[in-house]
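Undergrad: Residue numbers (the numbering used here), protein chains in the order written: chain A, 11 to 350; chain B, 57 to 360.
Backbone N, C-alpha and C define an ideal beta-carbon position, used for all residues, glycine too.
Can you keep this structure in mind? I'll have questions shortly.
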Amino acid sequence: MSGASLKSHKFRLDREADWKQLEVLLKRLENRSIRSLTDAEMIALPALYRATLSSLSVARATSLDQDVIAYLESLSTRAYFSIYGNQTKMSARLRYFFTIGWPQAVQNITRETIASALIMFLGALLAYVLVRNNMDWYFSFMPEGLMGGRTPASTALELRDTLYHDGDKSGLTAFASYLFSHNSRVAILAFALGFAFAIPSATLVLYNGCTLGAFVALFVDKGLGFELGGWLIIHGATELFAIVLAGAAGMKIGWTVAFPGKMSRMEAVGKAGAESASVLGGVVIMLFLAGLLEGFGRQLITNDYARYGIGITTLLLWLAYFYLPRNFEAFKFDGTVGTS
Amino acid sequence: MSQAPKKSRANTSYNADRNVRTLITPEGIDLRLRIADGGARVGAFTIDLAIMIATLIAITYALSFTTIGMGDRGEEVVVAVWVMLAFFLRNFYFMFFEMGPKAATPGKRAMKIRVANRHGGHLKANAVFARNAMRELEFFLPLSFFFSAIFMMNQGVDGWLTLLGLIWSFIFLLFPLFNKDRLRAGDLIAGTWVVKSPKPFLSKDLAESQKSDGRYRFSQSQIDAYGVKELHVLENVLRKNDPKTIEEVTTRIMTKIEWADPTNADASHASRLEFLNAYYAALRGKLETKLLFGVRRADKFDKR
C-alpha cells in the first residue's frame, strides 16, 4: 500500500497492462508476420504504440525510476521499428520493383549507362584491333578459365564446333550456372568497386570489353564472324547489357562520392546508393535470364538466324522496358513501398 | 559558483554514452538509439560466416549422396546445383534475413543488434540490397587479395602489386573503424546503420517492495541529503543486491544522514535491505514531488 503512494508508481500500475499487451503483440509481429494478428489487435496496435510513446514522455518528465524509463524506451523503439518497418507483402514489393523501381532507376543512370557502354565498346575495339594484328595478344586478354580450348592454334573446324556443340562436351547446366555465378560476381564487383571513385568499375568494364574483343577477333580471323555473332548475341544482348548497367550503377556511386552536388556527401551517396541498388537487383535477374538463354536456348537453337532473331528481340525488349517514356505516377502506388 | 560544473557533469552522465543517437518518431518523440559497437558487429559477422560455411558443408554432404547411382550426367547436374546453392547462399543469406521483420541475420540477432534506416522510417529492400552487395568489396575482395598475396609472395613485381592491392582493399574492410557511427561502406551508400536492439523486461518497482510498516521514518533534512544522481546509483545497488555493496552503502547513508536506530543493531543483510528500500522510496517520493513542480535536483550538491 505504501508503495502506491508514490505518484510514479501509481502511474506505472495504471498503464502497465497496456505496455504488456503491446509487448505481446510485438513479439508475435516480430516472430511471424502481420497476418498473425487479428483485426481487433491490428486496430489496437497503433493506439497501444502511441499510448506507450506518451507514457515514455510522461515518465521522462515525472518518474525517477530508471528501470521504467529504459523499458519504455526500448519498447517504443521496438514498436517504432515494427510499425514503421517492413510490413509490405512480398508480392506488392515485387510488383513495385518491376513496374516502377527498376525501370525508373535504370532511366536515372542513363548518362552513366552510355559511358559504361562506350567504355566496354572501346575495350572490345582495342582488343579486336590488337589481336587481329598480332594473335599473341589473345593470351593477354583472355583469362584461361574462359578460353575453354579456344586458342589461335585451334582450326576453324574446331572453333565452329564449339559454337554449336558446347552442350554435349562441357556439361550444359554446370557451364550455365558457372557462368551465371561468375558473371553475377563480376557485376556485383563492378557495382561495389564504384565506391572507390568509379575508376575501378570503369576498368572492370573495360577489361570485360577487351575479353569480348579478343574473342571476336579470334573467330573473325578464322572466318567465323557471322556464326560467332549469333552465338554471342542470343545471350550477350542480355548479359552484356547487364554488365554495362552494373558498371554504370557503380560509376554513379563513385561519381556521387567525388561530386555530391548540392546535397551533403552522405545524403547524396545514400540516395545514389539506393537507386543503384535497384539497378543491381535487376542486373542479377538479367544475368539469371542470360544464364538460361546461354545454357538452354543456345544449345537447343543452332540456327544462326534464329539466334540473331532472339538476341535482337531480347535487346529491343530490354530497351523498350527500360527507356520507353511512361508516366510512373499513373501506377497505383502512393509513393511509398510500404502502404500498398 | 562551484555548483555549475558539477551540475553539467551530472547531466552528461545521463547522456554520457557516445554511442547514443536520437531518432525523432513521426509522433515527435525522441527515441534514443545505441550504435552497435565494433565487437558486436564482428561477432555477428563471424557467427553468420560460420552458419554459411556450415550450411555449405551440409549441402555438399547431402548432395554427395545424391550422385550415387547417377552417371556422369547426374554428377554434372549435382555440381551445377551446388554452384547455384553456394551462389545464393553467399549473396542472398544476408539480404533474406535483413529484409525480414527483424531486420537482422541470425548472427545479428544473437548479438542483439539490427539494421535500421539512418534517417528513420522504412528500411527499404534496395537499402538492404545495397549494403549487402558491398560486402563483395569489403570482405571478399580483401580476402581474395589476401590469398593471392600469400601465393604470390615471391613473384617480384606481381607480388608487390598484390600487396598494394591488399592494402588498398583494407581501406574498405577497416572503414567502420574510422567513423563514429561505425558505418561500413555498405551502410554509407545504403543510408543504414546498425543499432542495438535490447529487449529488457520490466522489473519490479523498488518502491513497491518495501514491507516495513513505517518502521523507518526519515526527517525532511535526512531525505534532503541526496539528489537524482544518488537515487539512480542507489537503484542500481538495490537491483544488483550484492551483500558487500549493500553493507557499504548502508553505512555510508547512515553516516551521512546521521541515522541513529537501535532496532538496526542486529545489522543483518535483510534489515539493511529494508532500510535502503525505505530510504529509496522516501527519497524518490520527495524528488518526484519536486519534479512535478519543475525542479530536478541533479545531485547532492544541487541546493534546490
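1) With 8 Å as the C-beta to C-beta threshold (strictly closer), list the residues of the stretch 71-90 of chain A near chain B in chain order.
2) Which of the three DSSP states, helix, strand or coil, is assigned to A:Lys-20?
3) Does any C-beta atom of chain B lie closer than 7 Å to the C-beta of A:Gly-13?
4) Only counting the same chain, and skipping five residues up and downstream in sequence, which positions put a Cβ closer than 7 Å to that of B:Leu-375?
5) Counting only Cβ-Cβ distances shorter than 7 Å, please list the residues of the stretch 197-214 of chain A near chain B, keeping chain order.
6) Taking the alpha-carbon of A:Val-215 as reference, which of A:Asn-118, A:Phe-151, A:Ile-253, A:Tyr-174 has the nearest alpha-carbon?
7) Determine the extent of the alpha helix (DSSP H) in which A:Thr-324 is found, giving its start and end residues.
8) Look at A:Arg-142 and A:Ala-227 and say whether their C-beta atoms are less than 7 Å apart.
9) Output the distance between the C-alpha atoms of A:Phe-332 and B:Phe-207, rounded to the nearest integer angstrom.
10) Check for me: the alpha helix (DSSP H) holding A:Ala-137 runs from which residue to which?
11) Closest Cβ-Cβ distance between B:Asp-261 and chain A: below 7 Å?
12) Roughly how many angstroms lie between the CA atoms of A:Glu-26 and A:Lys-272, to the nearest whole one?
13) Does chain B have any CB closer than 7 Å to the CB of A:Phe-236?
14) Just to confirm the assignment, what range does the alpha helix (DSSP H) spanning B:Ala-14 have?
15) Cβ closer than 9 Å: which chain E residues qualify as neighbours of A:Val-141?
16) By how many angstroms is the C-alpha of A:Gly-291 removed from the C-alpha of A:Arg-336?
17) A:His-19 versus chain B: which residues are under 8 Å apart at the beta carbon?
18) If we call anything under 7 Å between Cβ atoms a contact, is B:His-325 one with A:Gln-76?
19) How should B:Lys-359 be labelled, buried or exposed, when 16 other C-beta atoms within 10 angstroms of its C-beta is the threshold for buried?
20) So, is the C-beta of B:Lys-346 closer than 7 Å to a C-beta in chain A?
21) Any idea if B:Gly-94 is buried or exposed, counting beta-carbon neighbours within 10 angstroms, 16 or more meaning buried?
22) So, is B:His-175 buried or exposed, given that buried needs 16 or more other C-beta atoms within 10 angstroms?
23) From the DSSP secondary-structure annotation, give me the bridge partner or partners of B:Leu-89.
24) Establish whether the CB of A:Glu-51 and some CB of chain B are separated by less than 7 Å.
25) Quick check: A:Ser-288 and A:Trp-112, are their CB atoms within less than 7 Å of each other?
26) Excluding five sequence neighbours on each side, which residues of the same chain lie with their C-beta closer than 7 Å to the C-beta of B:Arg-340?
27) Any heavy atom of the ligand GDP inside 6 Å of the beta-carbon of A:Ala-316?
28) I'd like to know if the stretch 192-207 of chain B and the stretch 246-257 of chain B are in contact, where contact means that at least 3 CB-CB pairs between them fall below 8 Å.
29) Let me see if you follow: with CB-CB separation under 7 Å, is A:Glu-40 close to chain B or not?
30) Please classify B:Asn-188: is it buried, with 16 or more other beta-carbons within 10 angstroms of its beta-carbon, or exposed?
31) Could you name the residues of chain A that B:Thr-256 contacts, counting a contact when the two beta carbons are closer than 7 Å?
32) Answer with buried or exposed for A:Leu-82, where buried requires no fewer than 16 other C-beta atoms within 10 angstroms of its C-beta.
33) Helix, strand or coil for B:Lys-252 per DSSP?
34) I'd like to confirm the pairing. Which residues does DSSP put opposite B:Ile-169 in its beta bridges?
35) In whole angstroms, what separates the C-alpha of B:Trp-216 from that of B:Glu-132?
36) 7 Å is my cut-off, CB to CB: does A:Ser-10 come that close to chain B?
TA: Reading off the structure:
1) Within the stretch 71-90 of chain A, the residues whose Cβ lies closer than 8 Å to some Cβ of chain B are Ala-71, Thr-72, Ser-73, Leu-74, Asp-75, Gln-76, Asp-77, Val-78, Ala-80, Tyr-81, Glu-83, Ser-84, Ser-86, Thr-87, Arg-88, Tyr-90, listed in chain order.
2) Residue state, collapsed to three classes: helix.
3) Residue placement at A:Gly-13 is poorly supported in this model, since its pLDDT is 45, which falls under 50; the coordinates still yield a value, given next. Yes, contact with chain B.
4) The displayed coordinates of chain B run from 57 to 360. Any statement about residue 375 of chain B would go beyond what the structure contains.
5) Taking 7 Å as the Cβ-Cβ cut-off against chain B, the residues of the stretch 197-214 of chain A that qualify are Ile-198, Leu-199, Phe-201, Ala-202, Leu-203, Phe-205.
6) Ranking the options by Cα distance to A:Val-215, first place goes to A:Ile-253.
7) Residues 314-333.
8) Result yes, Cβ atoms of A:Arg-142 and A:Ala-227 sit closer than 7 Å.
9) When the Cα atoms are used, A:Phe-332 and B:Phe-207 turn out to be separated by approximately 44 Å.
10) Where A:Ala-137 is concerned, the enclosing alpha helix (DSSP H) stretches over 120-143.
11) Yes, its Cβ sits closer than 7 Å to a Cβ of chain A.
12) Their Cα atoms are separated by approximately 48 Å.
13) No, no contact with chain B.
14) A query on residue 14 of chain B cannot be resolved here, the shown segment of chain B reaching from 57 to 360 and no further.
15) In the structure shown, chain E does not exist; the protein chains are A and B.
16) Approximately 21 Å between the Cα atoms of the pair.
17) Residues of chain B whose Cβ lies closer than 8 Å to the Cβ of A:His-19 are, in chain order, Asp-261, Ala-263, Glu-264.
18) Cβ distance not < 7 Å, so B:His-325 and A:Gln-76 don't count as in contact.
19) B:Lys-359 is exposed by the Cβ-count criterion.
20) For B:Lys-346, not one C-beta of chain A is nearer than 7 Å to its own C-beta.
21) Exposed: under 16 other Cβ atoms inside 10 Å.
22) Answer is exposed; the Cβ neighbour count stays below 16.
23) B:Arg-77.
24) False, the Cβ-Cβ gap to chain B never drops below 7 Å.
25) Yes; because the gap between Cβ atoms is below 7 Å, this pair is in contact.
26) So the list reads Ala-263, Leu-287, once near-sequence residues are dropped.
27) Here there are no bound small molecules, and the ligand GDP is not part of this structure.
28) Contact check between the stretch 192-207 of chain B and the stretch 246-257 of chain B: fewer than three CB pairs, one atom from each, fall below 8 Å, which does not count as touching.
29) Yes, contact with chain B.
30) Buried is the call here.
31) Note that residue 256 of chain B is Pro in the sequence shown, not Thr. Result: Ala-80, Tyr-81, Ser-84.
32) Residue environment for A:Leu-82: buried (at least 16 other C-beta atoms within 10 angstroms of its C-beta).
33) In the structure shown, B:Lys-252 sits in a strand (DSSP, three-state: E or B).
34) DSSP, once it has assigned bridges, lists B:Lys-252 as partnering B:Ile-169.
35) Separation of B:Trp-216 and B:Glu-132 (C-alpha to C-alpha, rounded to the nearest whole angstrom) is 39 Å.
36) Past the boundaries of the shown model lies residue 10 of chain A; chain A is included only from 11 to 350, so the question cannot be answered.
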